[in-house]
Amino acid sequence: MNRVVKAIDRFGRAKFIIAAFLFILLMIAPIYGVSRVSTINDVVLRFAMNGVLVLSMVPMIQSGCGLNFGIPLGLISGLLAEAIIMEYNWTGAAGFIAAMALGALIGAILGIFYGYLLNRIKGDEMVIATYVGYAIIYFMNMMWLGLPFKNPASVQGYAGEGLRVTISLDKYWSHVFDRWPSFQGEGLVLNIPEVVNGQQTVQNLRIPVGTILLFLLFCLLIWLFFRSKTGTAMTAVGSNADYARAAGININRMRQLSVVMSTSLAAVGMVIYGQSYGFAQYYTAPQFFMFPTVAAILLGGAVLTKATISNVLWGAFLFQAVLTMTPSIINSAIELDISEVIRMVVTNGLIVIALTRKVRKNG
Amino acid sequence: MPLLEIKNVSKDFDGNVVLKNISFVLDEGKVLGLCGENGAGKSTLMNILFGMDVIHETGGFQGEVILDGESVSFKTPVEALNAGIGMVHQEFSLIPGFTAAENILLNREITKNNIVSSVLRSEKLKTVDMPAVFESAQQSIDALGIKLPAESVVSELPVGYKQFIEIAREINKDNVKLLILDEPTAVLTESEAETLLHSIRSIAARGISIIFISHRLREVIEACDQVIVMRDGLIVADYPTDEIGEHPIGKIASWMTGRTVGESVADEARDLTKEKKIILSVKNLWVDMPGESVENATFDVYEGEIFGIAGLAGQGKLGIPNGIMGIYPSTGEVIFNGEPHELNNPRKAQQNGFAFVSEDRRGVGLLLDEPISWNICFNAMQIQGLGIKKYLGIPFRHEPTMNEVADKYIDELQIRCTGPQQKVSNLSGGNQQKICLAKAFCMEPKILLVSEPTRGIDVGAKELVLDALRRYNKERGTTIVIVSSELEELRSIADRIAVVTEGMVFDILPPSTKSAYFGLLMSGEKIEGEVI
Amino acid sequence: MVKKFDAKSFLRSMLVPILFLIVISFAIPLSGFTSSHLIKEVMTRLARDSFLAVALIIPILAGMGINFAISLGAMSAQIGVIMSQNWLIGEKIGGIGGLLVAALIALPIAIGLGYFAGSVMNKARGREMITSMILAFLVTGFYQFFVLFICGKVIPITNKEILLSRGYGIRNTIRLETAGAFDDLLMVKVKVPGLMRPIEFPFFTYILIALACIFVIWFKRTKLGQDFRSVGQSQRVANSAGLHVDQIRVQSVMISTVLAMFGQLIFLQSIGTMNVYSGTDQTSLFAAAAILVGGASVAKATIPNIFIGVALFHTMFIVMPNAGKALTGNPAIGEYFRSFISYGVVTLALVMHAWSRAKARDDERKRLRRDKTDAAEAAKKASAENTP
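Protein chains in written order, with the working numbering: chain G, 17 to 379; chain Y, -19 to 512; chain U, 2 to 389.
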């Protein structure tokens, strides 16, 4: 018994409880006429879509800048890159890769300024990041309206200017990586027979192979980075800044680098999200990524000062599973639509728990 | 009439006896000077008097404390306060944004009724009577004989005044009978200290007894009616000041350091000043380290020697290595190996062959949440590329090499752990300290600065740590600068010992010098011909 | 208490209000509003929003920064309004009576939520502001669960006007039976020469706000208020002086939550309709932005900050869409701009506070060094004089 408890503790209690809960939900799904296969299909798709966004939290947490509530900075970089690439009518995989690269570049430039700011307000990073995030969203709202985009696919039809709220990426790069390896058709689709509501059906399980591989590639890169000399120094800065300073590390530069990395990754993550979702969402949409992304990595087991790639993978998976499975299964089970409530409580509850946990104070 | 009587008080922390059968009497309106080296048991005695948590959390104390004819044993500082004991600590407990008056009457504000408070009969909702607060505070300030308006905001006052405000706060309490002053003159200028001594006399004249703890023996003699000297948990001397006799300062110093028999001096203290060259030359070093600032320190260290730095807490001995290593901002001229050494640059210092073991083990010395191998190798990795392997030109961490290095030191220094992957936070203080040493050793430095290497670790580990330093010095000829508040430890390891007082190197002596003379120097006295 | 007037620090604290004044002085002419319309609007907004801003003062006094969890008080008020409209259906107790019943229902909820918020914030020392913000989101989740499911499923809702047609849950927007109860009680009309129409303002609501301000001023002068200030300045020193720091911090959040509850009631009766689900989302943002625009900081806020701030901030809020439209031909730009300004001004204030704190730490160190140096110089001089 004791050994079981220990094993659970090593895995992480919150993670275990949520995983067990989700497993039970999946088991009872057929009772309420919910298809298991399509549920899994949704979870896998969202996991691939959101993965890099969750990953973008890692560098800043590791360098001691805390949870990056300022993620909108990266998101708008990605969105801006998408709009620019569309303006030049680059389509397909080339357009997608160009959008990622441009997004990363814009993110890096913004990250330099953002990192400079965060270095001057040590200790208040999180609350200021949140407001910077909100402020930049509304600033960009004006830009989306005012910037001289001309592509008819992306500007508002009646006025001929100002980006649309939602731009369809169908003609550009929607699902290009989802459909990999073939790059056309439907990609990898498994047909799985399942009994739903007493009917024998065949359910599609679509595996976005390319997007998952892309996500894993970024995970690998970040993992490698944290095994490099610089990555080691960055970890030390987050673990104990005074120690790192005494060892001759330039703390501010490490922190700034982490902010640049996080913001660039968030930009890339946004472009990948658009690719999988099929649409680029402008205006207030980035708001809806701030807290869920932070909550996801916390659910994966990260704390305010430490995050690993395994936290990212578990977090992206479990959090998206909570978001997809609870509406479909719980709503059918209790016949109440409480998905929105669950989303709010889980997301913000996880963050409040993380904030109230004791952090070791050095010095 | 005795106000305070201490009867046979003993105290141990987990079997480690720090007070042995202490007894003394303090009369009403008298000033008692309490002297003793660091670790003599002064603070434990004061903690008992003041009912600090640390005492009853560790099983209370034996013996009896009688205050005003009543046997007392305070469970909390608040109880002690209510019984009329006031204490002025070394660190200031003042609110910077408040006026002197608000600080003096903090949580004891004079209030008057208003409509709401009289209806609700609530003490907390009464109005604070600010004019009355100012008046009361001004009276207390005036009683100290200094000129200071009670309306002054504390943050705008010089440091010296803060001490007076603290004392004014204590004497403002109308029930105060006993006032404990812990090193009150440490931050004062000479003239301020003079004023303070006058204040102490005038407070005593009002019938308040005072315990005055100070390392400045001259002040003790000047201000006190009675002097008690503690050493190793015992009272070794208890005299009325005028009965001490000739050369009182020298006598007190020799009582403080004691050890007339069996003085353990380094068996083989070497004098390398003739045969070796100067490896480190420090001139006019100023270091801005809070609480340990260095003001104009000058000294030379010779190649291959173990150079000890002694001094009392707050005098700046810790600031010296911290300043040279660039941990705290510093100015001055430092020459290392004939080359000018760049200050305020920890990286450069380490690249040039310096290594540092910090006194702040948990704060600066260790990555508590990381494994042992990281802690040992980190500096050497970042500075010299130890445990680094390049792939495609990018330097990566090579864990097997790091583990190998860690294993070597775990073995060599007998670090008790489950292996190089164990997290450092789970280790004991002694083993953590060994990791700090290993971290410095594995940089293979030309000069090693070690600050308080045995602070807070048990006796067995202390010897291991000191042995490791001796061995390293002998085997490799590495120059070591060791800073410690334990004089005996320095005398057992160092070839020469510098005494730091008020931020300056006061004198450099061979370890065979009598400890009483060291004691004298540390208390800022240097009297030629004083008989010890 | 006698502090020298420091022109530099005064100017620094007035930097944001002055910047704001410049922005709106350009925007007002562009908006094309008549001055009588503008004054009337601002007077209404002052009555509507000031009380909520007052709620922020006490936690600032206690050193907890801006309490972004005042939305908890607002939610309590909304529950109070829903319940009073439900239970008082058919009763003829009038608008004021209805609001009092709502307040009575909301009071215990606000006290409870305030206690909860304060306790959570105590566990997140040094991160109070971000915690209070996320806490508000978290409690919004529970609040929505309450109004969407508990109302109608567990608590019977007899008033069909506020009930969703499906039989449980409260409608998205409900009309207040008590609309304007305070405002209309004593509407004063003042004729100002040079303006076409007389200016109306809700005098009774102003009296309520004045009472809140008097409460705050009185409170600051009590022993308890002094305790709050002590804790706000230094938890360590306050603790060693025997003050119960944790308890005081919780009390400050409780008072703030209760004041916010009253503030939301005033706000709702002034608007007349209630946005059940999203009505509390922006409460703390607008209140915080207002006092910060008024020159308050995270560590210091006064009554004048509130009125200057609410007036400036809401003037900006009123004129910006029109000004934006006049300038760019697109009303949306103005709306985005005012949201950007709201968030931006809070960001700016937070950054300035963090900066000045770092600077204060630095100054303190420098001063320490200077004192020490002076002392050393004096000692040297003294010893030089002593040696013949």
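Every residue, glycine too, gets a C-beta built ideally from N, C-alpha and C.
The alpha helix (DSSP H) enclosing U:Asp228, as first and last residue numbers: For the purposes of this step, residue 228 of chain U is identified with residue 227 of the third sequence, where counting begins at 1. Note, U:Asp228: alpha helix (DSSP H), 224 to 234.
May I have the straight-line CA-CA distance separating Y:Leu307 from G:Val276, to the nearest angstrom? As a position in the second sequence, residue 307 of chain Y is number 327, starting the count at 1. As a position in the first sequence, residue 276 of chain G is number 260, starting the count at 1. Sequence check: residue 307 of chain Y is Ile here, not Leu. Distance between the alpha carbons of Y:Ile307 and G:Val276 is about 27 Å.
For G:Ile358, I'd like the list of residues in its chain whose CB is within less than 6 Å of its CB, leaving aside the five on either flank, ordered along the chain. Numbered from its first residue, the first sequence carries residue 358 of chain G at position 342. These residues qualify, in order along the chain: Thr342.
Inter-residue spacing [alpha-carbon to alpha-carbon] between Y:Ser(-10) and Y:Asn(-4): For the purposes of this step, residue -10 of chain Y is taken as residue 10 along the second sequence, with counting starting at 1. For the purposes of this step, residue -4 of chain Y is taken as residue 16 along the second sequence, with counting starting at 1. Each residue's Cα considered, the two are about 11 Å apart.
Count the CB pairs spanning the stretch 185 to 201 of chain Y and the stretch -6 to 12 of chain Y that are closer than 8 Å, and state whether there are at least three. yes
Look at U:Leu57 and U:His315 and say whether their C-beta atoms are less than 9 Å apart. Residue 57 of chain U sits at position 56 when you count from the first residue of the third sequence. Residue 315 of chain U sits at position 314 when you count from the first residue of the third sequence. Taking 9 Å as the Cβ cut-off, U:Leu57 and U:His315 do not qualify as a contacting pair.
I'd like the list of long-range same chain contacts for Y:Pro309, defined as Cβ closer than 7 Å, with 5 residues on each side in sequence excluded. One-based indexing of the second sequence puts residue 309 of chain Y at position 329. Excluding sequence neighbours, Y:Pro309 sits near Asp268, Asn324.
Taking 9 Å as the cut-off, decide whether the C-beta atoms of U:Ala70 and U:Met134 are in contact. For the purposes of this step, residue 70 of chain U is identified with residue 69 of the third sequence, where counting begins at 1. For the purposes of this step, residue 134 of chain U is identified with residue 133 of the third sequence, where counting begins at 1. Yes, these two residues count as a Cβ contact at 9 Å.
Would you say Y:Asn325 lies against chain G (beta-carbon separation less than 9 Å)? Counting from 1 along the second sequence, the entry for residue 325 of chain Y is found at position 345. At least one chain G Cβ lies under 9 Å of Y:Asn325.
Does the CB of G:Asn401 have a neighbour CB from chain U at under 9 Å? In the structure as shown, chain G starts at 17 and stops at 379, and residue 401 of chain G therefore has no counterpart that could be examined.
Residue environment, U:Thr174, which counts as buried when at least 16 other CB atoms sit within 10 Å: Residue numbering aside, residue 174 of chain U sits at position 173 when the third sequence is read from its first letter. Exposed, because fewer than 16 other Cβ atoms sit within 10 Å of the Cβ of U:Thr174.
Select from G:Ile346, G:Leu126, G:Leu61, G:Val148 the residue whose C-alpha is nearest the C-alpha of G:Asp194. Translated into positions along the first sequence, residue 194 of chain G becomes position 178. Minimum Cα distance to G:Asp194 is reached at G:Leu61.
Out of curiosity, what's the CA-to-CA distance linking Y:Leu6 and Y:Ser23? Locating residue 6 of chain Y in the second sequence gives position 26, counting from the first residue. Locating residue 23 of chain Y in the second sequence gives position 43, counting from the first residue. Spanning the two alpha carbons is a distance of roughly 17 Å.
Going by DSSP in three states, G:Gln219 sits in which element: helix, strand or coil? As a working mapping, residue 219 of chain G is identified with position 203 in the first sequence. Three-state result, G:Gln219: strand.
Between the C-alpha atoms of Y:Met484 and Y:Ala277, what's the straight-line distance to the nearest angstrom? Translated into the one-based positions of the second sequence, residue 484 of chain Y becomes position 504. Translated into the one-based positions of the second sequence, residue 277 of chain Y becomes position 297. Each residue's Cα considered, the two are about 4 Å apart.
Please classify G:Gln78 as buried or exposed, where buried requires at least 16 neighbouring CB atoms within 10 angstroms. Indexing the first sequence from 1 puts residue 78 of chain G at position 62. Burial call: buried.
Would G:Thr246 and Y:Asp349 qualify as a contact pair, given that the criterion is a beta-carbon distance under 9 Å? On the first sequence, residue 246 of chain G is found 230 positions in, with the first residue counted as 1. On the second sequence, residue 349 of chain Y is found 369 positions in, with the first residue counted as 1. Against a cut-off of 9 Å, the Cβ pair of Y:Asp349 and G:Thr246 comes out as no contact.
Taking the C-alpha atoms as reference points, what is the distance between U:Ala300 and U:Ala350? As a first step, residue 300 of chain U must be located in the third sequence, where it is residue number 299. As a first step, residue 350 of chain U must be located in the third sequence, where it is residue number 349. Using only the alpha carbons, I get a separation of about 10 Å.
Start and end of the beta strand (DSSP E) containing Y:Gln42? Walking along the second sequence from the start, residue 42 of chain Y turns up at place 62. Start and end: 42 to 47.
For a test of the three-state rule: what should DSSP assign to G:Gly365, helix, strand or coil? What you label residue 365 of chain G is simply residue 349 of the first sequence in a count that begins at 1. Note: G:Gly365 maps to helix in three-state DSSP.
For U:Glu162, does the count of other Cβ atoms within 10 angstroms reach 16, so buried, or fall short, so exposed? Residue numbering aside, residue 162 of chain U sits at position 161 when the third sequence is read from its first letter. Classification of U:Glu162: exposed, given that the 10 Å Cβ count is below 16.
Report the option in Y:Val207, Y:Lys(-13), Y:Arg211 whose CA atom is closest to the CA atom of Y:Gly225. Here residue 225 of chain Y refers to the residue found at position 245 of the second sequence. Residue Y:Val207 is the option with its Cα nearest to Y:Gly225.
Local conformation of G:Ser51 per DSSP, three classes: The sequence position of residue 51 of chain G within the first sequence is 35, counting from 1. G:Ser51 falls in the coil class under three-state DSSP.
Is there at least one Cβ from chain A nearer than 9 Å to G:Lys245's Cβ? As a matter of chain content, chain A is missing from the structure shown, whose protein chains are G, Y and U.
Looking only at its chain, what residues have a beta carbon closer than 6 Å to the beta carbon of G:Ala337, apart from the 5 residues adjacent to it on each side? Counted from its first residue, the first sequence places residue 337 of chain G at position 321. Here the set comprises Leu38, Val59.
Does the CB of G:Arg26 have a neighbour CB from chain U at under 9 Å? For the purposes of this step, residue 26 of chain G is taken as residue 10 along the first sequence, with counting starting at 1. No - not a single Cβ of chain U is within 9 Å of the one on G:Arg26.
With DSSP collapsed to three states, give me the class of G:Val328. Translated into positions along the first sequence, residue 328 of chain G becomes position 312. Looking at G:Val328 - three-state DSSP - the assignment turns out to be helix.
How should G:Ala151 be labelled, buried or exposed, when 16 other C-beta atoms within 10 angstroms of its C-beta is the threshold for buried? Your numbering for residue 151 of chain G matches position 135 in the first sequence. G:Ala151 is buried by the Cβ-count criterion.
Just to check my reading of the structure: Y:Leu429 and Y:Phe498 have Cβ atoms closer than 8 Å, yes? What is that Cβ distance to the nearest angstrom? The residue labelled residue 429 of chain Y in the question sits at position 449 within the second sequence. The residue labelled residue 498 of chain Y in the question sits at position 518 within the second sequence. With 8 Å as the limit, Y:Leu429 and Y:Phe498 do not qualify as a contact, their Cβ atoms being about 21 Å apart.
Straight-line Cα distance separating Y:Gln143 from U:Arg126: Position 125 of the third sequence holds residue 126 of chain U. Position 163 of the second sequence holds residue 143 of chain Y. Cα-Cα distance, rounded: 29 Å.
Tell me U:Arg46's beta-bridge partners as DSSP assigns them. By one-based count along the third sequence, residue 46 of chain U stands at place 45. Answer is none; U:Arg46 lacks a bridge partner.
Thinking U:Ser37 and U:Leu196 are a contact (beta carbons under 8 Å), I'd like their distance in whole angstroms, please. Your numbering for residue 37 of chain U matches position 36 in the third sequence. Your numbering for residue 196 of chain U matches position 195 in the third sequence. About 4 Å; that satisfies the 8 Å criterion.
Which same chain residues, not among the five before or five after Y:Glu516, have their C-beta less than 7 Å away from its C-beta? The question about residue 516 of chain Y has no answer here: the residues shown for chain Y are numbered -19 through 512.
For G:Gln215, count neighbouring C-beta atoms within 10 Å of its own C-beta (all shown protein chains included) and say buried if the count is 16 or more, exposed if not. Here the question's residue 215 of chain G lines up with position 199 in the first sequence. Exposed, since its Cβ has fewer than 16 Cβ neighbours within 10 Å.
Would you mind stating whether Y:Glu131 and U:Lys224 have Cβ atoms separated by less than 9 Å? For the purposes of this step, residue 131 of chain Y is identified with residue 151 of the second sequence, where counting begins at 1. For the purposes of this step, residue 224 of chain U is identified with residue 223 of the third sequence, where counting begins at 1. Cβ atoms of Y:Glu131 and U:Lys224: not closer than 9 Å.
Counting only beta-carbon separations shorter than 9 Å, does U:Gln234 have a partner in chain Y? For this step, residue 234 of chain U is matched to residue 233 along the third sequence. For U:Gln234, the answer is yes, since a Cβ of chain Y falls inside 9 Å of its Cβ.
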